[in-house]
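Q: Let me begin by handing over the structure; questions about it come next.
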Amino acid sequence: MAIQSTYGKDWGKKRSDVAQPSPPTAPDLLQATTTPDETSQNEEGLRPQTLADYIGQKDLKGVLDIAIAAAQGRQDPLDHTLFYGPPGLGKTTMALILAAEMGVNCKITAAPALERPRDITGLLVNLQKGDILFIDEIHRLNRITEELLYAAMEDFRLDITIGKGQSARTRSLSLPPFTIIGATTNMGALTAPLRDRFGLIQRLRFYDYEELTAIVTRTAALLNADITPPGAIAIAQRARGTPRIANRLLRRVRDYAQVKALGTITAPVATAALELLNVDPLGLDWTDRLVLKTMIEQFQGGPVGLEAIAAATGEDARTIEEVYEPYLLQMGLINRTPRGRTAAAAAYAHLGYSDPTGPTALP
Ligand code: ADE
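Going by the working numbering, the sequence shown wraps up at 401, each residue one higher than the last.
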């Protein structure tokens, strides 16, 4: 199978290594988190497989290109690498591309699946020289697993305890040199000792409209969907800077075009479909708007703490922080201050409120 040879022999088996992420707390169209079902059915075939195919993240690609060439030149594994940034921006895709470019296997797991020490040791002892172990949501590792990783990352050594109680002994196994690629949506939650063991720490950024338009166009071609350039732009503009959301919206718009239009995704068809799906012109969904509305109506625009917003909206605080807030910040709709979050003038304007600090404000 072509994919197997591209990614190494574990690729075909990788589903069994994939931790099943817990379901998102508020699954909807604009959540950039993904369910296992979606991943296995859809996303895999759409992922770019080389750095050259990967659209966007220009600076990151430049850094990785050099890291790959240098490691290959020295016949070393890649340095341990940490990717951070909001969900859906391509952290897993980038790890798979690094494995493909290095010609090594990539095993994929996520921290919540590494509950017992034997979960991580089982993965580590099966690695071959140069292999990549991708750990998603790495900020959620438990303490014991994290401590096992320290020696594994630093000295390629695994300290395991055999037996229990007084007869327990520790054994040290040496591991072949390998690479950990960690991914996190919450860099602040990573402990300093773990963060310090990564040689390369890189942030993934939101994509601009042009990049998202190119991604939508590429995906449409892979899905055999008929789309006009303005149709691709219309989807890109409402995709919150996130390829995973762009591709998800594209599928929904394709359904709409098939059922309600003549099959071609034009700009008016895309706009009508996205309106129906409650995705507004800035790409905000119902929850984004609820967060902004709550800040404005219940907290007079803030400053307000994350927990208070979570309680008032009924959303999970971590979901607000990791999924919703980054895009609202990026769009200048909210600000983070030492005293809490505030709604920006742009949020008032977008939702049709008069800005209390603006020229029309009452004294
Ligand atoms: N599909 C999803 N993300 C992509 C990217 N960055 N480049 C190309 N295709 C993609």
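Ideal Cβ positions, reconstructed from N, Cα and C, are used throughout, including at glycine. Nothing here was measured: the structure is a model prediction, and the numbers come from that model.
#1: Just the Cα atoms here: how many angstroms apart are P394 and A277?
#2: Could you check where the beta strand (DSSP E) with Y122 kicks off and where it finishes?
#3: Check whether the stretch 215 to 234 and the stretch 180 to 193 touch, using three or more Cβ-Cβ pairs below 8 Å as the test.
#4: Specify, as a first and last residue, the run of the beta strand (DSSP E) that Q240 falls within.
#5: Can you grab the Cα-Cα spacing for the pair A270 / A385, in whole Å?
#6: Three or more C-beta pairs under 8 Å: does that hold for the stretch 102 to 111 against the stretch 308 to 317?
#7: Say yes only if the C-beta of Y247 is nearer than 8 Å to one or more non-hydrogen atoms of the ligand ADE, and no if none qualify.
#8: Under the three-state reduction of DSSP, which class applies to N224: helix, strand or coil?
#9: Ends of the beta strand (DSSP E) at G160?
#10: In the DSSP assignment, find the beta strand (DSSP E) that holds R85 and state where it starts and stops.
#11: Is the beta carbon of Y245 sitting closer than 9 Å to the one on I135?
#12: In or out: V329 buried (at least 16 other Cβ within 10 Å) or exposed?
#13: Measure the alpha-carbon distance for A105 versus A133 and round it to whole angstroms.
#14: State buried or exposed for I253, treating a residue as buried only when at least 16 other CB atoms are found within 10 Å of its CB.
#15: Given a threshold of 16 other Cβ atoms within 10 Å of its Cβ, counted over all protein chains shown, does A349 qualify as buried or as exposed?
#16: Answer with buried or exposed for G128, where buried requires no fewer than 16 other C-beta atoms within 10 angstroms of its C-beta.
#17: Go through its chain and collect everything with a Cβ distance to S210's Cβ below 6 Å, but skip five positions before and after it.
#18: By how many angstroms is the C-alpha of A258 removed from the C-alpha of H388?
#19: Mind checking whether A148 and D169 have CB atoms under 9 Å apart?
#20: Can you pull the DSSP bridge partners for T147?
A: Checking against the coordinates, here is how it stands:
#1: As a first step, residue 394 is located in the sequence shown; it is residue number 356 there, counting from the start. As a first step, residue 277 is located in the sequence shown; it is residue number 239 there, counting from the start. Cα to Cα, the separation comes out at about 29 Å.
#2: Position 84 of the sequence shown, counting from 1, holds the residue named residue 122. T119 to Y122 is the span of the beta strand (DSSP E), which, as asked, contains Y122.
#3: yes
#4: If you number the sequence shown from 1, residue 240 lands on position 202. That run of the beta strand (DSSP E) goes L238 to R241.
#5: Locating residue 270 in the sequence shown gives position 232, counting from the first residue. Locating residue 385 in the sequence shown gives position 347, counting from the first residue. Counting only the Cα atoms, A385 lies some 26 Å from A270.
#6: no
#7: Taking the first residue of the sequence shown as position 1, residue 247 is located at position 209. Not so, every heavy atom of the ligand ADE lies at least 8 Å from the Cβ.
#8: In the sequence shown, residue 224 corresponds to position 186, counting from 1. Three-state DSSP puts N224 in coil, outside helix and strand.
#9: Numbered from 1 along the sequence shown, position 122 holds the residue referred to as residue 160. From DSSP, G160 is part of no beta strand (DSSP E) but of the alpha helix (DSSP H) over P155 to V163.
#10: Position 47 of the sequence shown, counting from 1, holds the residue named residue 85. That residue, R85, is in no beta strand (DSSP E); it is neither H nor E in DSSP.
#11: Here residue 245 refers to the residue found at position 207 of the sequence shown. Here residue 135 refers to the residue found at position 97 of the sequence shown. Cβ atoms of Y245 and I135: not closer than 9 Å.
#12: Position 291 of the sequence shown, counted from the start, is the residue given in the question as residue 329. Classification of V329: buried, given that the 10 Å Cβ count is 16 or more.
#13: As a first step, residue 105 must be located in the sequence shown, where it is residue number 67. As a first step, residue 133 must be located in the sequence shown, where it is residue number 95. Spanning the two alpha carbons is a distance of roughly 13 Å.
#14: Residue mapping note: residue 253 aligns to position 215 of the sequence shown, counting from 1. I253 comes out buried.
#15: Working through the sequence shown from its first residue, we reach residue 349 at position 311. A349 comes out exposed.
#16: What you label residue 128 is simply residue 90 of the sequence shown in a count that begins at 1. By the neighbour-count rule (16 or more Cβ atoms within 10 Å), G128 is buried.
#17: Taking the first residue of the sequence shown as position 1, residue 210 is located at position 172. Taken in chain order, the residues that qualify are R195 and D197.
#18: For the purposes of this step, residue 388 is taken as the residue at position 350 of the sequence shown. For the purposes of this step, residue 258 is taken as the residue at position 220 of the sequence shown. Roughly 30 Å separates the two Cα atoms.
#19: Taking the sequence shown and counting its residues from 1, one reaches residue 148 at position 110. Taking the sequence shown and counting its residues from 1, one reaches residue 169 at position 131. Not a contact, by the Cβ cut-off of 9 Å.
#20: Residue 147 sits at position 109 when you count from the first residue of the sequence shown. Residue pairing by DSSP places T147 opposite I173 in a beta bridge.
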